[in-house]
Amino acid sequence: MILVNNLKFQYPKNESLTLKGISFEIKQGELFGFLGPSGAGKSTAQKVLYKTLSNYSGEVKIDGKDLNDWDLAYFEKIGVGFELPNHYQKLTGLENLDLFGSFYPIGKQRDRTDLFEMVGLQDAISKPVETYSKGMKMRLNFIRAIQHDPDILFFDEPTAGLDPVNAQMIRNHISDLQERGKTIFITTHSMHTADELCDRVAFIVEGELRITDSPETLKSQYGKEAVRVELKDGQSQEFSISDLGNNPEFIGFLKKGAVSRIHTMEATLDEVFINVTGKTLT
Amino acid sequence: MNKIFKLAVTDFKLIFRDPSLYSFIFLPILLYGLMIWFLPGLVDRYDVLVPYLPLFLVLGVIENTQMFCFINSMVLIEEKETGVSILYGITPITENQFLLSRFIFPYLITVLFNVGLIALQPFYEIGLSTNIMISALAAMVVPVYVLGINSVVDNRMQGMIYIKAFNMIVLLPFAAFFVPENVVHLFGLLPTHWIFQSIVNVTEGTSYAFFAIITVFYFGGLMIWLSRLFVKKHFI
Numbered sequence: 568m569i570l571v572n573n574l575k576f577q578y579p580k581n582e583s584l585t586l587k588g589i590s591f592e593i594k595q596g597e598l599f600g601f602l603g604p605s606g607a608g609k610s611t612a613q614k615v616l617y618k619t620l621s622n623y624s625g626e627v628k629i630d631g632k633d634l635n636d637w638d639l640a641y642f643e644k645i646g647v648g649f650e651l652p653n654h655y656q657k658l659t660g661l662e663n664l665d666l667f668g669s670f671y672p673i674g675k676q677r678d679r680t681d682l683f684e685m686v687g688l689q690d691a692i693s694k695p696v697e698t699y700s701k702g703m704k705m706r707l708n709f710i711r712a713i714q715h716d717p718d719i720l721f722f723d724e725p726t727a728g729l730d731p732v733n734a735q736m737i738r739n740h741i742s743d744l745q746e747r748g749k750t751i752f753i754t755t756h757s758m759h760t761a762d763e764l765c766d767r768v769a770f771i772v773e774g775e776l777r778i779t780d781s782p783e784t785l786k787s788q789y790g791k792e793a794v795r796v797e798l799k800d801g802q803s804q805e806f807s808i809s810d811l812g813n814n815p816e817f818i819g820f821l822k823k824g825a826v827s828r829i830h831t832m833e834a835t836l837d838e839v840f841i842n843v844t845g846k847t848l849t
Numbered sequence: 167m168n169k170i171f172k173l174a175v176t177d178f179k180l181i182f183r184d185p186s187l188y189s190f191i192f193l194p195i196l197l198y199g200l201m202i203w204f205l206p207g208l209v210d211r212y213d214v215l216v217p218y219l220p221l222f223l224v225l226g227v228i229e230n231t232q233m234f235c236f237i238n239s240m241v242l243i244e245e246k247e248t249g250v251s252i253l254y255g256i257t258p259i260t261e262n263q264f265l266l267s268r269f270i271f272p273y274l275i276t277v278l279f280n281v282g283l284i285a286l287q288p289f290y291e292i293g294l295s296t297n298i299m300i301s302a303l304a305a306m307v308v309p310v311y312v313l314g315i316n317s318v319v320d321n322r323m324q325g326m327i328y329i330k331a332f333n334m335i336v337l338l339p340f341a342a343f344f345v346p347e348n349v350v351h352l353f354g355l356l357p358t359h360w361i362f363q364s365i366v367n368v369t370e371g372t373s374y375a376f377f378a379i380i381t382v383f384y385f386g387g388l389m390i391w392l393s394r395l396f397v398k399k400h401f402i
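Listed in order, the protein sequences are those of chains R and Z. Heads up, the first sequence is in our numbering, so the first residue is 568 and it goes up one at a time. Heads up, the second sequence is in our numbering, so the first residue is 167 and it goes up one at a time.
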């Protein structure tokens, strides 16, 4: 569905390339994530894909058609959730949605009241956006992006500025969108978001993609296939996960005392990122 | 058409919900008061003002345009400042539809206010067709001014500074009325000069066609150039 080949982009006032020839593919119905620290080029890549930035080099194809050959119909096909809330402050939440919804064909639009209820904003539907908290504005960003039922969704840091409960709610809605067959491209520096949501993630650092794979594969590839058992008396020991149930040493250790914790030894996505890129995600 | 209308209506909602903007709606009423009631009394009392009546009319007409110059500039600056403008770059609306929706009603309302002002002022009898033509020419200041401001500024603070500078540029060709005849059209570098000269010719009963044609081409060219600059900046 989305094919990017050797994409390079340089901002006019920058001395170096922001995107240094990245290549990736996102299949229909896939939830793909760009993970990287601030300034890595995540948002720039998305901006190229939703046609805010032009003058790039390389190949970008959407549904087999070059991005430059798409006309306004492309914007009916995509939805964008921005990193920062961007709404008319003097208009109500509903007026903001109505305005931008009016640019799309009526048949494709979702019921706006349902959308407000979906993200818990039903009581604020008729209030000016200037009275909303940042979290409320971010939820409004989210429903504005999906109100015309687009096939492809771009979310830039979709859980930024949200409290844990609302962040989880947005993650659940993103999962639901994927279940409905939407192709979703998110950028995030939240490993939790990437780990929970993405079918595949790509690590991007300084405009280059370092690795692309599923979170499970990466975590297992860069971790140990083992468990660590901790007893309440402070003793601990690692055991290989293969044929664990028939490992007499493991069973013997469990019988030695009360078990405090058992951990798998797979790496976290943070650890994989540091291991692969040598950078942290801050 | 629906897209254009919806966006135009939204602009008026934004204006009427912002006290700092809707207070400017009263500017034409003030100008009407000055031109229709205050100035005639002043001229009766001070004969020395009579030769300057064309300039008062020029001032009234050009100040009428300043209402939407300011209001529209601020609406678009705020749109840029809050990041809303980027949304128009990713929605199915063409650049021309966007520009038309933002300027068609401010332009037409400015024309209407000027037609009223010219018709009601007591100093000159100006026919309706000439009145409409002069009003239409003067109202071209609105899109050019707003596009110009919004092609260079990023926020309200910068906007206020540039609005001051643009106001000076708009009014500077007044000086042409106080310089020797052979250097008058040096002020023609500034586009409003040609509007001013058109209005003065109308008050003198001489042909204004030449100045009007220059105005149309000058403002038309500026509008095309500034639209391109604006679109490049506003949607990113």
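Just so it is clear, CB atoms sit at the ideal spot from N, CA and C, and this is done for glycine as well. The structure presented is a predicted model; accordingly, all values stated were derived computationally and were not measured.
Contacts of residue i in chain B (Cβ-Cβ under 9 angstroms)
i         : result
R/Leu-658 : No chain B is part of this structure, whose protein chains are labelled R and Z.
Cβ neighbours of residue i in the same chain (closer than 8 angstroms, five flanking residues each side left out)
i         : result
R/Phe-667 : Arg-711, Gln-714
R/Ser-809 : Glu-792
R/Leu-682 : Leu-664, Ile-710, Ile-713, Gln-714
Z/Leu-208 : Leu-215
R/Thr-680 : Gln-689, Ile-692
Z/Leu-266 : Ile-170
Z/Ala-285 : Ile-292, Leu-294, Asn-297
R/Gln-676 : Gly-668, Gln-714, His-715, Asp-716
Sequence-distant residues of its chain with Cβ nearer than 6 angstroms to residue i (five each side left out)
i         : result
Z/Ala-341 : none
R/Phe-599 : Ile-593, Phe-752, Arg-767
Residue range of the beta strand (DSSP E) that includes residue i
i         : result
R/Lys-575 : 569-576
Z/Leu-215 : No beta strand (DSSP E) holds Z/Leu-215; DSSP gives it neither H nor E.
R/Glu-724 : Here R/Glu-724 belongs to no beta strand (DSSP E), and DSSP marks it neither H nor E.
R/Ala-769 : 767-772
R/Lys-628 : 624-629
Z/Phe-204 : It is not in any beta strand (DSSP E) - Z/Phe-204 carries neither H nor E in the DSSP assignment.
First through last residue of the alpha helix (DSSP H) which encompasses residue i
i         : result
Z/Ser-317 : 307-318
R/Arg-738 : 731-746
Z/Thr-358 : 358-370
R/Lys-694 : Counting along the chain, R/Lys-694 falls outside any alpha helix (DSSP H), and DSSP gives it neither H nor E.
R/Phe-709 : 701-713
Z/Gln-324 : 322-337
R/Asp-753 : With the sequence shown as reference, residue 753 of chain R is identified as Ile, and Asp is not the correct amino acid for it. Not the alpha helix (DSSP H): R/Ile-753 falls in the beta strand (DSSP E), residues 750-755.
R/Phe-642 : 640-644
Z/Lys-169 : 168-182
R/Gln-804 : Per DSSP, R/Gln-804 belongs to no alpha helix (DSSP H); it is in the beta strand (DSSP E), 803-807.
Z/Leu-278 : 261-286
R/Phe-591 : From DSSP, R/Phe-591 is part of no alpha helix (DSSP H) but of the beta strand (DSSP E) over 586-593.
Buried versus exposed call for residue i [16 or more other C-beta atoms within 10 Å across all chains shown]
i         : result
R/Ala-640 : exposed
Z/Thr-381 : buried
R/Lys-749 : buried
R/Ala-825 : exposed
Z/Ile-402 : exposed
R/Ser-781 : exposed
R/Gly-660 : buried
R/Gly-801 : exposed
Residue i in three-state terms, based on DSSP
i         : result
Z/Ala-375 : helix
R/Leu-828 : Looking at the sequence itself, residue 828 of chain R is Arg, so the reference to Leu does not match. Residue state, collapsed to three classes: strand.
Z/Lys-399 : helix
R/Gly-819 : helix
Z/Val-349 : helix
R/Phe-670 : coil
R/Asp-665 : helix
R/Glu-650 : coil
R/Asp-780 : strand
R/Leu-598 : strand
R/Ala-793 : strand
R/Leu-620 : coil
R/Glu-775 : strand
R/Lys-675 : helix
Z/Thr-296 : helix
R/Thr-760 : helix
Close-in-space but distant-in-sequence residues of the same chain around residue i (CB under 7 angstroms, 5 per side omitted)
i         : result
Z/Phe-182 : Tyr-188
Z/Ala-304 : Val-227, Ile-228, Thr-231, Asn-280, Ile-361
R/Lys-846 : Pro-604, Val-772
Z/Thr-296 : Val-368
Z/Val-366 : Pro-220, Val-224
I'd like to know if the region 724-737 of chain R and the region 750-757 of chain R are in contact, where contact means that at least 3 CB-CB pairs between them fall below 8 angstroms. Contact holds: three or more Cβ-Cβ distances are below 8 angstroms.
Check whether the region 619-629 of chain R and the region 571-578 of chain R touch, using three or more Cβ-Cβ pairs below 8 angstroms as the test. yes
At least 3 beta-carbon pairs within less than 8 angstroms: the region 219-230 of chain Z vs the region 187-204 of chain Z: yes
Touching by the beta-carbon criterion (3+ pairs, under 8 angstroms), the region 328-346 of chain Z and the region 244-255 of chain Z: The region 328-346 of chain Z vs the region 244-255 of chain Z: no contact.
Examine the Cβ distances between the region 830-844 of chain R and the region 239-249 of chain Z and report whether three or more of them are shorter than 8 angstroms. no
Touching by the beta-carbon criterion (3+ pairs, under 8 angstroms), the region 307-319 of chain Z and the region 390-401 of chain Z: yes
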